[in-house]
Amino acid sequence: MRIAQVAPLYESVPPRLYGGTERVVSWLTEKLVSLGHDVTLFASGDSVTNARLVPACKKALRLESDCVDPLAHHTLMVERVFTLAEEFDLIHFHTDYLHFPLSRRVHVPCVTTLHGRLDLPDLVPLYKEFSEVALISISDAQRRPLPWVNWLATVHHGLPAHSLSLTEGGGDYLAFLGRISSEKGVDRAIEIAIRSGTKLKVAAKIDRCDRDYFERQIKPLLDHPLIEFVGEIAASEKQDFLGNAAALLFPIEWPEPFGIVLIEAMACGTPVIAHPFGSVPEIIPDGVCGFLVRDVDEAVGAVRRLGEIDRRECRSHFELNFTDERMARDYVKIYHQLIHPKSASMTVEEGALNWTEVESPTPSTT
């Protein structure tokens with residue numbers, strides 16, 4: 028198939044440091060190429076890929092000091108995508124809803140994976156207007172605020188199995204990995220660590236919009252002998268950071284759409300202690316790959332029970348459910364259904380893909 032992948036421009040593909048959506052786009056793009064598909068990636072010019080790269084800006088916008096208006100760059104990219112639309116069998120967007128007015132006006136099949144939260148009132152009239160747009164959720168929990176839109180399937184993220192490996196022994200510290208914001212719960216992670224008498228390493232990005240929150244609410248909490256602020260780390264540092272941790276703390280207070288760090292931890296065999304909001308119960312089986320807790324008291328108790336978790340089981344759960352191979356093959360099934368709607372049917376039950384071939388489709392160019 029001739030597939031276009033359209034990424035946000037805030038980070039490169041893959042990101043140099045922190046980055047969720049762009050990292051997933053990279054995993055998917057590279058696996059599709061390895062499966063023999065002809066893939067074109069629309070992304071920032073500093074992206075690295077085995078696909079054909081169509082740069083929409085010179086550098087990732089978050090790290091580009093000269094960028095004042097990111098929307099301008101994204102608008103130009105969307106125009107370029109549709110100018111080239113006839114070159115593709117399918118266009119796969121990862122850019123929220125920016126392209127909706129144009130995607131409804133072309134004959135080339137388009138599909139959109141939504142990567143963010145959907146419980147915002149502003150989104151309701153938008154998705155009512157574009158109710159025909161083909162959408163994919165990254166967790167069943169993500170779609171709950173808008174159950175009536177045109178969901179095709181839920182496709183959980185997957186990362187390359189070889190990118191992270193099992194560390195059987197673990198270590199003597201707890202880990203927090205993500206970004207500094209009130210909903211991510213780094214303040215609760217610090218409290219859990221101090222109350223359990225366990226070291227905590229915080230590897231986190233600080234966005235401009237969260238700088239004041241960090242200075243006022245978080246920075247004073249870092250002045251404790253058990254707490255070490257590492258800062259933002261690159262993908263190459265995650266093996267040591269997560270693999271050598273006793274557990275990952277994920278005490279969120281928001282409807283998490285997925286949580287890539289959860290599967291990164293499991294890939295290392297590292298158990299997770301998390302609040303059961305959003306996608307978390309779909310990703311982390313309680314008592315198998317960690318513990319789902321309701322408050323700090325339960326989290327402190329979970330730290331003391333980490334010996335009950337078999338790190339090899341964490342890795343096995345990852346390998347069965349959250350690899351890039353599984354993710355890419357799920358997407359390919361959806362692509363076929365959109366390109367050949369009369370030759371195959373697909374039903375979705377609680378986000379699972381159930382595929383039924385009606386007749387063999389004409390092979391497409393790979």
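In the numbering used here, each residue carries its 1-based index in the sequence shown increased by 27. A virtual CB, placed ideally from N, CA and C, is assigned to each residue, including glycine.
Q. Where do the ends of the alpha helix (DSSP H) carrying Gly-46 lie?
A. No alpha helix (DSSP H) holds Gly-46; DSSP gives it neither H nor E.
Q | For Pro-247, the three-state DSSP class (helix, strand or coil) | A | For Pro-247, the three-state secondary structure derived from DSSP is helix.
Q.
Could you give the first and the last residue of the continuous beta strand (DSSP E) run that contains Gly-205?
A. From DSSP, the beta strand (DSSP E) with Gly-205 extends over 200-206.
(Q) Can you give me the C-alpha to C-alpha distance between Arg-43 and Val-75, rounded to a whole angstrom? (A) Arg-43 and Val-75 have their C-alpha atoms some 10 Å from each other.
Q) Can you tell me where the beta strand (DSSP E) with Asp-65 in it begins and where it stops? A) Run containing Asp-65: 65-70, per the beta strand (DSSP E) assignment.
Q.
According to DSSP, simplified to helix, strand and coil, what is Ala-272?
A. The answer is coil: DSSP assigns Ala-272 none of H, G, I, E or B.
Q. Any idea which residues DSSP pairs Glu-156 with across the strands?
A. None; Glu-156 has no bridge partner.
Q) Would the beta-carbon of Ala-272 fall within 7 Å of that of Gly-224? A) No, the Cβ-Cβ distance between Ala-272 and Gly-224 is not below 7 Å.
Q: Going by CA-CA distance only, name the one from Leu-145, Arg-29 and Pro-368 that's closest to Ser-166.
A: Closest in C-alpha terms to Ser-166, from the list Leu-145, Arg-29 and Pro-368, comes Leu-145.
Q: Taking 7 Å as the cut-off, decide whether the C-beta atoms of Ala-31 and Glu-49 are in contact.
A: No, Cβ-Cβ distance for Ala-31 and Glu-49 is not below 7 Å.
(Q) Quick check on Lys-211: does DSSP put it in helix, strand or coil? (A) In this structure, Lys-211 counts as helix in the three-state DSSP scheme.
**Q.** Residue range of the alpha helix (DSSP H) that includes Val-330
**A.** Element bounds for Val-330: 323-330.
(Q) Between which residues of its own chain and Ala-292 is the CB-CB distance below 7 Å, once the five residues before and five after are set aside? (A) Excluding positions up to five away in sequence, the list reads Leu-269, Leu-275 and Val-299.
Q) Based on the DSSP output, what are the partners of Arg-79 in its beta bridges? A) Beta-bridge partners of Arg-79 (DSSP): Thr-67.
**Q.** Pairwise C-alpha distance: Thr-181 and Leu-365
**A.** Rounded to whole angstroms, the separation of the alpha carbons of Thr-181 and Leu-365 is 15 Å.
**Q.** Length of the line joining the Cα atoms of Ala-329 and Ser-192
**A.** Their Cα atoms are separated by approximately 24 Å.
Q) Under 7 Å between the Cβ atoms of Thr-140 and Ile-163? A) For Thr-140 and Ile-163, yes; Cβs fall inside 7 Å.
Q) Going by alpha carbons, who is nearest to Val-151 out of Pro-174, Ala-168 and His-142? A) The alpha carbon of Val-151 has as its nearest neighbour, out of Pro-174, Ala-168 and His-142, the alpha carbon of Pro-174.
Q) Taking the alpha-carbon positions, what's the Leu-55 to Phe-120 distance? A) Leu-55 and Phe-120: Cα-Cα distance of roughly 12 Å.
Q) Are there 16 or more other CB atoms within 10 angstroms of the CB of Pro-368, so buried, or fewer, so exposed? A) The residue is exposed, with fewer than 16 neighbouring Cβ atoms inside 10 Å.
Q | Coil, strand or helix - Lys-265 by DSSP | A | It is helical.
Q: State the beta-bridge partners of Phe-277 as determined by DSSP.
A: Phe-277 is bridged to Ala-301.
Q | Buried or exposed by the 16-neighbour rule on C-beta atoms within 10 Å, applied to Glu-195 | A | With fewer than 16 other Cβ atoms within 10 Å, it is exposed.
Q: Taking only runs that begin and end inside the stretch 86-145, name each unbroken beta strand (DSSP E) of 3 or more residues, in chain order.
A: Taken in chain order, the whole beta strand (DSSP E) runs of length 3 or more contained in the stretch 86-145 are 117-120 and 137-140.
Q. Where do the ends of the alpha helix (DSSP H) carrying Lys-232 lie?
A. Run containing Lys-232: none in the alpha helix (DSSP H); it sits in the beta strand (DSSP E), 226-232.
Q: Keeping to the same chain, check which residues put their C-beta closer than 6 Å to that of Val-40; ignore five residues upstream and five downstream.
A: Ala-34, Glu-49, Val-52, Ser-53, Ala-70 and Ser-74.
Q: Measure the beta-carbon distance from Gly-258 to Ala-230 and round it to whole angstroms, keeping in mind my assumption that it falls under 8 Å.
A: Indeed, because the Cβ distance is near 7 Å, the residues count as touching under 8 Å.
Q: Starting from Leu-347, trace the alpha helix (DSSP H) both ways and give me its first and last residue.
A: For Leu-347, the enclosing alpha helix (DSSP H) starts and ends at 338-348.
Q.
Pull the bridge partners of Thr-15 from the DSSP assignment, please.
A. Past the edges of the chain, shown from 28 to 393, lies residue 15, and the structure says nothing about it.
Q) Under a three-way DSSP split, which group does Gly-258 fall into? A) Gly-258: coil per DSSP, three-state reduction.
Q) Based on Cα-Cα distance, which residue from Leu-88, Tyr-37, Leu-253 and Pro-136 lies nearest to Met-28? A) Out of Leu-88, Tyr-37, Leu-253 and Pro-136, Pro-136 has the C-alpha closest to the C-alpha of Met-28.
Q | Bridge-paired residues (DSSP) for Ala-31 | A | Residue pairing by DSSP places Ala-31 opposite Thr-67 and Ile-118 in a beta bridge.
(Q) Does Cys-84 pass the burial test, meaning 16 or more other C-beta atoms within 10 Å, or should it be called exposed? (A) Buried, because 16 or more other Cβ atoms sit within 10 Å of the Cβ of Cys-84.
**Q.** Beta-carbon spacing of Phe-256, Leu-249 below 7 Å
**A.** In contact: Phe-256 and Leu-249 (Cβ atoms closer than 7 Å).
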